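Below is one structure, written out as structure tokens; the observations come after it.
Protein chains: 2
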Amino acid sequence: MLRRKRIAWPTVVRLSEYLIILEELVENGVDVVTSRELAGLYGNNANQVRQDLFCLAETGRVGQGYSVPVLERTIRQALGLTEPRGVAIVGCGRLGTVLALHVPLANYGLNLVAAFDVDPNIVGKNLGAVRIDHADRMTEICRDRRVRVAALSVPEEAAQDSASKLVAAGVVGILNYTRVRLKVPARVVVQNRQIICSFIQIACAAFCGHDSLPSPGLVPDADVGR
Amino acid sequence: MLRRKRIAWPTVVRLSEYLIILEELVENGVDVVTSRELAGLYGNNANQVRQDLFCLAETGRVGQGYSVPVLERTIRQALGLTEPRGVAIVGCGRLGTVLALHVPLANYGLNLVAAFDVDPNIVGKNLGAVRIDHADRMTEICRDRRVRVAALSVPEEAAQDSASKLVAAGVVGILNYTRVRLKVPARVVVQNRQIICSFIQIACAAFCGHDSLPSPGLVPDADVGR
DNA sequence: TAGATTGTTAATCGATTAACAATC
DNA sequence: TAGATTGTTAATCGATTAACAATC
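These protein sequences, in sequence, are chains A and B.
So that you can map any letter, position 70 of the first sequence is 70 in the working numbering, and since no number is skipped, the others follow by simple counting.
Start counting at 1 in the second sequence, then tack on 1000, and there's your number in the working numbering.
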């Protein structure tokens, strides 16, 4: 029981979404949730919820359901969100600004500690609580502030260069919002998040008949109480 | 050969990303690409690329590879991007503005034809080429302009109500950027795209050892020529 | 107690990988 | 021709679904 097996990726994705749902339940003062209820909210089925939760340390009570606050905390633990991590935003245009200001990073131990741009009109300004520094100082500053995760929202020409600087500074996870395919060492994880792909996918799902798909992120009408 | 089978969802996701890569190759004047090369760029393997492409109509030439422009067009066709579709942005705050201005929707037949907000300081202004209308007129306007896909970037309180209006107007695909779980009829496809989930997932991938994962969107170092 | 629901194992399903004949 | 690479089928692997004993 000591050696916890690595959580399957589809499960990681769903856990992160369950977490959002559970937070809302906490806010609404809901104390207990059953796998059936959570499945109804998420849009999958109770079996899958239980199987997903099975990878966590002890959480539910047979016959009763899951304690919402306990489950919420356990998922955070399992996803590694209890350790604080330094985050950087690279490219403080419109998208970078959204990422910094619109996304509740700090709720998940993801502390925005650095932001970069090259535009002299932007460098020196603040993005939320952090000062926007010049991209020339990226490696140095990221290393100093122990940035581990970064979001890349720069123009294409600057993407690979920025990524390399981040890697040099010890960053191990990059959310890539540019359409450039980054070359990084195997130890660094990159997730490509071109927003246009979401639009393409939803169009395909809607028009080419992918209506009731169990895939991560594709949640059709909830099938509660079936 | 007439009845084309529905494309598997993981394949749809990858095809949309291959498409971005192919466009870049077109720009660079590359004429032909092999499954091996494309896999190198994407970060998977040649077998998977060929299997993915297998669902398309005739594309490659045995022994030679794939014609980049032909492949690009064929993928567009398969994903249903050749038909123009009306798109609406609901909620024109910072995020909605990014979606409208930063995402090359029109390149994929996704025409932004409507935008909505409730803020009197915003209503009446332009978002790109479209006028921002008041959300009260959403159903009417979306129906008139044949909006089929919408992105939801409104405050939580307005999310379900907006979704219902969109559904009433005949929208069949919703990209939901709010953390509310929308209730919609089964025929309507919803994809939840809370940006925070991407950050949670990359943190988990980076720190809980999900480094070399074949999952959609998680692309580690390219393994070309292995 | 009876009803409900979890934890967990087994069965099924689907996606990825491997392999190779066809052919450019 | 020989080398390369596709199209396609088969084998493997992993994820989802089903089932049910344990137990609150």
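C-beta: ideal position from N, C-alpha, C; glycine also.
Please read these numbers as outputs of a predicted model, since none were measured by experiment.
| Item | Value |
| --- | --- |
| Just to confirm, are B:V1190 and B:V1171 a CB contact at a threshold of 7 Å? | no |
| What alpha helix (DSSP H) runs, 4 residues minimum, are completely inside the segment 1177 to 1210 of chain B? | 1195 to 1207 |
| Check the DSSP bridge columns for B:D1117 and list the partner residues they point to. | B:H1134 |
| Can you tell me whether A:A39 is helix, strand or coil according to DSSP? | helix |
| Is the segment 1055 to 1068 of chain B close to the segment 43 to 62 of chain A, with three or more CB pairs under 8 Å? | no |
| From the DSSP output, read off the bridge partner residues of A:Y66. | A:V33 and A:G60 |
| Closer than 9 Å by beta-carbon distance: list the chain B residues that pair up with A:I7, in chain order. | C1204, C1208 and H1210 |
| Can you pull the chain B neighbours of A:C197, defined as C-beta to C-beta under 9 Å? | V1013, S1016, E1017, L1019, I1020 and G1217 |
| If you draw a straight line from the C-alpha of A:G43 to the C-alpha of B:P1104, how long is it? | 30 Å |
| Flag this pair as yes or no: are the beta carbons of A:I75 and A:A114 separated by less than 7 Å? | no |
| Determine which residues of the segment 90 to 116 of chain A have a Cβ less than 9 Å from any Cβ of chain B, and write them out in chain order. | G93, R94, L95, T97, V98, L99, L101, H102, V103, P104, L105, N107, Y108, G109 and L110 |
| Which residues in the same chain have their Cβ closer than 6 Å to the Cβ of B:G1225, if we skip the five residues on either side of it in sequence? | With a pLDDT of only 31 at B:G1225, under 50, the local geometry of the prediction cannot be trusted, and the value read off the model is given with reservation. Counting only Cβ-Cβ distances below 6 Å, and skipping sequence neighbours, we find nothing. |
| For A:A150, which residues does DSSP report across the bridge? | A:A88 and A:I174 |
| Which of the three DSSP states, helix, strand or coil, is assigned to A:L127? | strand |
| So, is A:K165 buried or exposed, given that buried needs 16 or more other C-beta atoms within 10 angstroms? | buried |
| Measure how close the beta-carbons of A:V87 and A:A163 come, nearest whole angstrom, since I'm counting them as under 8 Å. | The pair is not a contact, with the Cβ atoms about 15 Å apart (cut-off 8 Å). |
| For A:L81, does the three-state DSSP call read helix, strand or coil? | coil |
| On the three-state DSSP scale, how would you describe A:N45? | coil |
| Compute the beta-carbon to beta-carbon distance between B:D1052 and B:C1092, rounded to the nearest angstrom, for a pair I have assumed lies under 8 Å. | Not confirmed; about 36 Å, so no contact. |
| Report the CB separation of B:V1068 from B:L1110 in whole angstroms; it is logged as a contact under 8 Å. | With a Cβ gap of about 22 Å, B:V1068 and B:L1110 do not count as contacting. |
| Who are B:N1111's beta bridge partners in DSSP? | B:G1086 |
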